[in-house]
Each structure stands twice: as C-alpha cells, then as structure tokens.
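Residue numbers (this note's numbering): 4 to 125.
Quick reminder that beta carbons are idealized off the backbone N, C-alpha and C, glycines included.
Here the structure is a predicted model, which is why all the values come from computation and not from measurement.
Here is the structure we will look at, set down as structure tokens.
Take a look at the structure:
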C-alpha cells in the first residue's frame, strides 16, 4: 500500500495510509501516515468497535487535510489495551497453550465465515 500511495501522490492524488507497522511504513516514505499502535491487521480500529473505527477514519481525514509536510506521521491516541503487555502475547504461539491456539483458530474461522456471508450478500 505504501508504494501505491507514493505512485498516486506522484500523479496528483493525495493519500493517507493507516497502518500498524510504523517502521515499515515510514521506511517506504509515504506522504501521510496515521499510525495506530495496534496489532497488525487492525489499522482501521478495534474489531467490532464502531467508535474506534469512526475515530480512526476521522483522524485519517484530518491528517489528509492538515499534514504540514511530506512524510508526516501522526500517532492515534487510541490504545489496544492500557498496558503494552499485549505486544508480548499477541499471536505468540510460544506463549499459548494448545487449547488457546485452538480457540483463536475457532474465533478466526467464525469471523471469516461472517465476512464471507456479508460479502456474498453485497
């Protein structure tokens, strides 16, 4: 996405990237970047949390409107959790029991099925 944003910008279309991998996105040199300190894949806000998603979109649009210079990064004030311990545990299979892994897989499959149903209905 970072490279696509740079291409669009080179052709006169302003962009803002919403992302969770700050080091990678900044390395690519995007013009405007809204960084959310969330697990990868959650750049648009917390899953099923419409308020966090709406706030993230609002922040991204503000970054698009007000970025003072190229390569501007703005950090979202939202937090995944109050403490940063989730960074040690999130998707770390070495720190999970087989039962926890199976539960995560079940949850993932359930969410995937919901998404597929919504896509098929659209």
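- Assignment of residue 108 by DSSP, reduced to helix, strand and coil, places it in the helix class.
- Residue pairing of residue 21 in beta bridges, as defined by DSSP: 37.
- Judged by DSSP in its simplified three-state form, residue 100 adopts coil rather than helix or strand.
- CA-CA distance, residue 29 to residue 59, rounds to 18 Å.
- Between residue 103 and residue 33, the alpha-carbon positions lie close to 37 Å from each other.
- DSSP places residue 85 in no alpha helix (DSSP H); its state is neither H nor E.
- The C-alpha of residue 117 is placed about 10 Å away from the C-alpha of residue 123.
- Taking a cut-off of 8 Å for Cβ pairs, the segment 33 to 48 and the segment 7 to 19 touch, as three or more such pairs fall below it.
- A straight line joining the alpha-carbon of residue 62 with that of residue 50 spans about 17 Å.
- 65 is the residue among 82, 86, 65, 85 whose C-alpha sits nearest the C-alpha of residue 76.
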